[in-house]
Structures are given as C-alpha cells and as structure tokens.
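Visitor: Numbering (the numbering used here), first residue to last: 76 to 426.
Please see the structure below; I have some questions.
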C-alpha cells in the first residue's frame with residue numbers, strides 16, 4: 076500500500092499549525108499558542124525539519140549519487156515554490172498594489188522577488204500589503220527554505236566526503252556533524268550567547284538556522300542508527316509529556332527538547348495508524364499549505380483587517396490554502412515528480 080505510515084498526516088498538521096501561529100502575528104493579537112518554549116508555528120517548522128532529515132538522509136543512503144540527489148531535491152521543492160512565487164508576483168501583486176501596473180511591473184522590487192526561486196529570500200513586492208496590520212510581508216514562510224537547502228547540501232557533502240573512505244563512514248561523519256551543530260545550538264540557547272545575533276548569510280538569519288538545523292541532523296541520525304534505537308509509541312508520548320513540563324523550567328533544556336521532539340516525530344511517523352496512514356491518498360498537500368498559508372492570510376487581512384475574528388481568519392486561511400495546495404500538488408508537484416531519477420538501492424550503504 077502506497078501510504079503505509081503517518082508522515083503525510085503529521086506534515087499536514089504541522090503546516091496547519093504554521094497558519095495558526097502566524098494568524099496572531101498577522102493580526103497583531105496577543106495569545107500566540109506556545110509549545111516547547113516557542114510559538115506553534117516555529118515548533119511546526121522544527122517538526123518539518125525532523126521528518127525531512129530522516130527522509131532525505133534515507134534517500135541519500137539508498138542512492139548516493141550527487142546529480143540524482145540534486146534532481147530529486149529540486150523536483151520536490153522547486154515546482155510548488157515557483158507556483159506560489161509567480162502567482163504572488165504576477166496575479167496577486169497587481170491586484171493588491173497601490174501602484175499603476177506599468178510602475179509595478181517595472182519596479183526593481185518586482186524582479187527581485189523572483190530571487191526566491193534561487194532561495195535568496197525577498198519578502199516584499201512593490202506597494203503590496205503596505206497598509207496591512209503586518210505590513211509589506213508577502214510570504215514570511217519562505218524564511219525556512221534556505222536553511223532546508225543548506226541541510227541538503229550538508230547531506231551531499233557528507234556523502235562525498237564519506238565516499239573517500241567507505242559507505243559506512245557516512246553515518247560516522249553525520250553523527251560527528253550532529254554533535255557539532257548541537258553544540259552550537261546549546262551555545263546559543265543554553266548559554267545565551269550572542270555570537271549569532273544579527274548574523275545574516277545569503278539573506279538568512281544564522282541564528283534561525285542554528286535553531287532549526289539540529290532537528291534535521293538528529294532526524295538523519297535516527298534513520299542511520301535505527302537498528303539501535305527501539306521505537307515505542309508509548310515512550311514517545313511519555314517523552315512529549317515530560318518535554319511539555321520541562322519546557323517551563325528555568326534551566327536550559329533545549330537539547331532535551333530536540334531529542335524528545337525528534338524521537339516522537341519519527342516514532343509516531345513510522346507507525347501505521349488506520350485512517351491516518353491513508354491521509355495523503357489524495358495528494359501530499361502539506362508543502363503547498365505551508366507555502367500558501369502566509370500570502371492567503373495577508374490577502375484576507377488586506378481585504379478585511381480586524382473585521383474577521385481570528386478564528387474566522389484562521390479557518391478561511393486554512394480552507395483556501397488547502398485548495399491552493401491541492402491544485403499545486405496535482406498540477407505541478409506530482410507531475411514534476413514523474414521526472415525524478417531512480418536507481419537501484421545500494422545494499423551495502425542501506426545497511
């Protein structure tokens with residue numbers, strides 16, 4: 076059976092929680108739901124990174140070929156991104172902008188917006204959403220994509236380095252890299268270091284990358300070390316309860332929360348729960364929901380401001396984003412994945 080695990084359901088819940096968390100900021104309302112010390116939207120991104128780390132490392136191990144790896148990652152991430160960027164700039168922007176069409180389409184900011192397609196994130200379009208409650212930002216969700224792509228590059232570079240030794244060295248190098256990144260995360264969150272404050276590389280906050288990257292790396296470790304780590308749904312749930320309580324501690328517990336979240340997400344994701352395991356049978360729309368949620372919410376804010384209650388705003392954003400994501404999957408993403416290159420798994424590396 077094609078959908079035999081809970082991954083699709085977990086990803087869709089995470090994408091929906093991103094919309095829920097963003098709603099409070101976009102409407103400038105207090106009370107943003109918090110989980111494990113961060114807003115639910117930030118926590119949901121961390122869940123995405125755990126699953127991505129597990130599955131992308133798995134993909135490399137089963138087919139450690141540079142160009143096929145690049146093609147597979149590009150075919151998964153670029154079509155939907157291109158769709159939302161083009162629709163935002165060419166359809167929504169001209170409808171919302173206060174500029175004339177000629178001035179809008181010839182504005183430098185319009186052309187710079189397409190730098191999103193090379194993961195150099197641009198958040199604004201000419202005179203778009205300038206009077207919104209949360210002004211100017213067209214799609215704040217795009218911030219995580221450079222960090223995600225950077226993780227793909229780390230997988231590939233680790234694989235290339237390991238090839239100079241033997242296949243089994245990939246796991247050793249990956250675990251070593253994970254320890255280093257966990258150390259950087261602890262430095263930033265456990266000791267309050269300001270070393271990453273204000274640092275930006277390729278338009279991306281280094282602090283944000285240090286925050287989410289450990290989840291990808293630990294997710295990869297959970298795949299590589301799966302033979303040594305028993306998976307128990309009861310243990311995963313118990314650990315999440317423990318994590319919830321220690322998250323209120325005044326002591327630095329970020330490291331524990333990383334491991335708890337990663338273990339729980341992968342363990343529950345690998346389960347095959349009746350009904351939930353078939354959640355993606357109509358398409359994997361989670362990535363599309365993640366991409367469209369922010370601009371849809373901003374469009375609703377542009378049209379209605381505070382006239383909509385936050386719950387109505389959330390509900391409409393979720394519904395409309397689901398519809399766009401469904402169209403994105405069937406018109407763009409699924410079609411692009413037909414061109415994904417395939418190779419027979421290399422048994423020696425898959426062990």
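Glycine residues also receive a C-beta, built at the ideal position from the N, C-alpha and C atoms.
With a threshold of 6 Å on Cβ separation, who are the neighbours of residue 227 within its own chain once the five nearest residues in sequence on each side are excluded?
Guide: Here the set comprises 148.
Visitor: Please list the terminal residues of the continuous alpha helix (DSSP H) segment that includes residue 415.
Guide: Segment: none, residue 415 is in no alpha helix (DSSP H) and carries neither H nor E.
Visitor: Which class does residue 279 belong to by DSSP, given the choice of helix, strand or coil?
Guide: Note: residue 279 maps to strand in three-state DSSP.
Visitor: So the alpha helix (DSSP H) residue 83 belongs to, where does it begin and stop?
Guide: Per DSSP, residue 83 belongs to the alpha helix (DSSP H) from 82-101.
Visitor: Measure the alpha-carbon distance for residue 308 versus residue 126 and round it to whole angstroms.
Guide: Straight-line Cα distance between these residues: approximately 16 Å.
Visitor: On the DSSP bridge assignment, give the partners of residue 110 in chain order.
Guide: 113.
Visitor: Helix, strand or coil: how does DSSP classify residue 169 here?
Guide: Residue 169: helix per DSSP, three-state reduction.
Visitor: Since I believe residue 185 is in contact with residue 200 (beta carbons under 8 Å), could you give me their beta-carbon distance rounded to a whole number of angstroms?
Guide: About 6 Å; that satisfies the 8 Å criterion.
Visitor: Leaving out five residues on either side along the sequence, give the residues of the same chain with a beta carbon under 6 Å from the beta carbon of residue 416.
Guide: Answer for residue 416: 143 and 146, listed in chain order.
Visitor: Leaving out the 5 sequence neighbours to the left and right, which residues in its chain are closer than 8 Å to residue 342 when beta-carbon positions are compared?
Guide: Counting only Cβ-Cβ distances below 8 Å, and skipping sequence neighbours, we find 306, 307, 308, 310 and 311.
Visitor: If contacts are defined as beta-carbon pairs under 8 Å, then residue 360 and residue 323 qualify, I think. What distance do you get, rounded to the angstrom?
Guide: Contact doesn't hold; Cβ gap of about 34 Å is too wide.
Visitor: For the candidate residues 368, 340 and 232, whose alpha-carbon lies nearest to that of residue 130?
Guide: Looking at the Cα atoms, 340 is the closest of the given residues.
Visitor: Out of 330, 318, 232 and 345, state which residue places its alpha-carbon closest to the alpha-carbon of residue 111.
Guide: Of the listed residues, the one whose Cα sits closest to residue 111 is 318.
Visitor: Whether or not the stretch 149-158 and the stretch 218-226 are in contact is what I'm after, with contact meaning three or more pairs of Cβ atoms, one per stretch, closer than 8 Å; do they touch?
Guide: Yes, the stretch 218-226 is in contact with the stretch 149-158.
Visitor: Between 203, 95, 265 and 212, which lies nearest to residue 167 when the distance is taken from Cα to Cα?
Guide: When only C-alpha atoms are compared, the closest one is 203.
Visitor: Mind listing, in chain order, the continuous beta strand (DSSP E) runs of no fewer than 3 residues lying wholly within the stretch 135-209?
Guide: None, since the stretch 135-209 contains no complete beta strand (DSSP E) of that length.
Visitor: In its own chain, which residues sit with a C-beta less than 8 Å from the C-beta of residue 103, not counting the 5 before and 5 after it?
Guide: Cβ within range, chain order: 208 and 209.
Visitor: Are residue 345 and residue 79 close, meaning C-beta to C-beta below 7 Å?
Guide: Their beta carbons are not under 7 Å apart, which means residue 345 does not touch residue 79 by this criterion.
Visitor: Let's see if you can read the secondary structure: which residues bound the alpha helix (DSSP H) around residue 336?
Guide: From DSSP, the alpha helix (DSSP H) with residue 336 extends over 329-345.
Visitor: Would you tell me roughly how many angstroms separate the C-alpha atoms of residue 289 and residue 254, rounded to the nearest one?
Guide: Using only the alpha carbons, I get a separation of about 9 Å.
Visitor: With three or more C-beta pairs closer than 8 Å as the rule, is the stretch 361-370 touching the stretch 384-398?
Guide: They touch, by the three-pair rule.
Visitor: Just to confirm before moving on: does the CB-CB distance between residue 245 and residue 234 stay below 7 Å?
Guide: A contact, by the Cβ cut-off of 7 Å.
Visitor: Let me confirm a value: residue 408 is counted as buried when at least 16 other C-beta atoms fall within 10 Å, else exposed. Which label applies?
Guide: It counts as buried.
Visitor: How is the alpha helix (DSSP H) around residue 223 delimited, first residue to last?
Guide: Per DSSP, residue 223 belongs to the alpha helix (DSSP H) from 219-238.
Visitor: Give me the Cα-Cα distance between residue 179 and residue 173, rounded to the nearest whole angstrom.
Guide: Approximately 9 Å, taken between the alpha carbons.
Visitor: Should residue 121 be labelled buried (16 or more other beta-carbon atoms within 10 Å of its own) or exposed?
Guide: Flag for residue 121 reads buried.
Visitor: Taking buried to mean at least 16 other C-beta atoms within 10 Å of its own C-beta, is residue 356 buried or exposed?
Guide: Label assigned to residue 356: exposed.
Visitor: How big is the Cα-Cα spacing for residue 69 and residue 198?
Guide: Residue numbering for the chain in the displayed model covers 76 to 426; residue 69 lies beyond these limits and cannot be assessed.
Visitor: Please report the straight-line C-alpha distance between residue 141 and residue 402, rounded to a whole angstrom.
Guide: Cα to Cα, residue 141 sits roughly 31 Å from residue 402.
Visitor: With a CB to CB cut of under 6 Å and the five nearest residues on each side skipped, what residues in its chain are close to residue 281?
Guide: 271 and 274.
Visitor: What is the rounded straight-line gap between the Cα of residue 136 and the Cα of residue 205?
Guide: Taking the straight line joining both Cα atoms gives about 47 Å.
Visitor: Between residue 164 and the rest of its own chain, which residues show a CB-CB distance below 8 Å, the 5 nearest in sequence each way excluded?
Guide: Correct list, in chain order: 185, 188, 189 and 200.
Visitor: Alpha carbon to alpha carbon, what distance is there between residue 347 and residue 337?
Guide: C-alpha separation (whole angstroms): 18 Å.
Visitor: Using alpha carbons as the reference points, say which of 358, 385 and 384 lies closest to residue 410.
Guide: Per the Cα distances, 358.
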